[in-house]
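Reviewing the structure listed below.
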Amino acid sequence: MQTSADGYVEAADPAVRWPVWDWGQHWPWDDELKRDFNDTLRAVDRILLSRKLAEEGYIDHWARSAADHPDEPDYAFARKVGEAEKIVFSTAEGLRLPWPRTRLAGGGLAETIARLKAEPGGDMIAFGGTGFAAALAAAGVVDEYQFYVNPTAVGRGQSLFRSVAGGLRLTLVRSKSYACGIVVNTYTPAETAQPVHPGMR
């Protein structure tokens, strides 16, 4: 999850452009961070998505990027999005899923994630907006958090843990800084001393 230096995952002012990389074609991450990011995806074979992100074109965007850059190492992530199974979370009835290797998940988050973890396969990773990410955190289903801390501050905004009752104690697993100014901090919930694999990132 990308965060600001002052701990927000979304700025109160939508005009504030705070991420070093905003998922556009201009990708100012340094080469080492790009490699490490792609390495993170190697063990992943299922991608959890919010309905909103899927409908806004996330899958289509990365399918086009993979087709446009079939042999470029920087775009291994785009190819992974196409290869992995996509699981779209939604309570809406009759939702169409026109993408290959995609299925719908509904019901309670905790129960659904528990069933997915019990299935054979590798790691799962979740992508979505602040609402989806906050719901996963509040449900207590995340085994590992990766925070991409950007060298920017937004002043006011949304916290990932705004709905976590009683707070959450985390254990720092690793921390690494990069030339572009981003620091990647990886945490597990405190009761889990090491990352759990296969698991939920």
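Just so we're aligned: the sequence shown equals residues 556 to 756 in the working numbering. Using N, Cα and C, we set each Cβ at its ideal position, and we do this for glycine too. Small disclaimer: the values here were computed from a predicted structure and weren't measured.
Between the CA atoms of Ser605 and Ala692 - distance to the nearest angstrom: 14 Å
How many Å lie between Thr726 and Asp623 at the Cα? 40 Å
Need the endpoints of the alpha helix (DSSP H) that Ser714 sits in, please. Ser714: not part of any alpha helix (DSSP H); DSSP gives it neither H nor E.
For Tyr630 and Trp584, I'd like the C-alpha separation in whole angstroms. 13 Å
How big is the Cα-Cα spacing for Ser723 and Ala598? Before going further, note that residue 723 is Leu rather than Ser in the sequence given. Going by the C-alpha atoms only, they are around 26 Å apart.
Who are the near neighbours of Thr747 in its chain, counting only those whose CB is closer than 6 Å to its CB and skipping five residues on each side? No answer about Thr747 holds up, because its pLDDT of 49 lies below 50 and its placement is not dependable.
One question on the structure: do Leu664 and Val696 come within less than 8 Å of each other, judged by their Cβ atoms? yes
Specify the secondary structure class of Ser620 as computed by DSSP and reduced to three states. helix
Identify the residues that DSSP records as bridge partners of Arg729: which are they? The partner list for Arg729 (beta bridge, DSSP) reads Thr741.
Since Asn705 and Val575 are thought to touch, with beta carbons under 8 Å apart, how far apart are those beta carbons, to the nearest angstrom? About 5 Å separates the beta carbons of Asn705 and Val575, which is inside the 8 Å limit, making them a contact pair.
Is Lys641 closer than 8 Å to Ile602 when the C-beta atoms are compared? yes
Start and end of the beta strand (DSSP E) containing Val643? Counting along the chain, the beta strand (DSSP E) containing Val643 begins and ends at Glu640 to Phe644.
Spatial neighbours of Ala669 in its chain, beta-carbon cut-off 8 Å, leaving aside the 5 residues before and after: Val696
Out of curiosity, what's the CA-to-CA distance linking Arg634 and Ala618? Using only the alpha carbons, I get a separation of about 7 Å.
Suppose contacts are defined by Cβ-Cβ distances below 8 Å. Is Ser714 in contact with Gly562 by that definition? Yes, they are a contact pair.
Name the DSSP bridge partner or partners of Glu565? Gln713
Length at least 3, wholly inside the segment 581-617: the beta strand (DSSP E) runs in chain order: 599-605
Closest to Lys758 by C-alpha separation, out of Leu650, Asp678 and Ala720, would be which residue? As displayed, the chain neither begins before 556 nor continues past 756, which places residue 758 out of reach and without an answer.
What are the partner residues of Thr558, as DSSP defines its beta bridges? Val704
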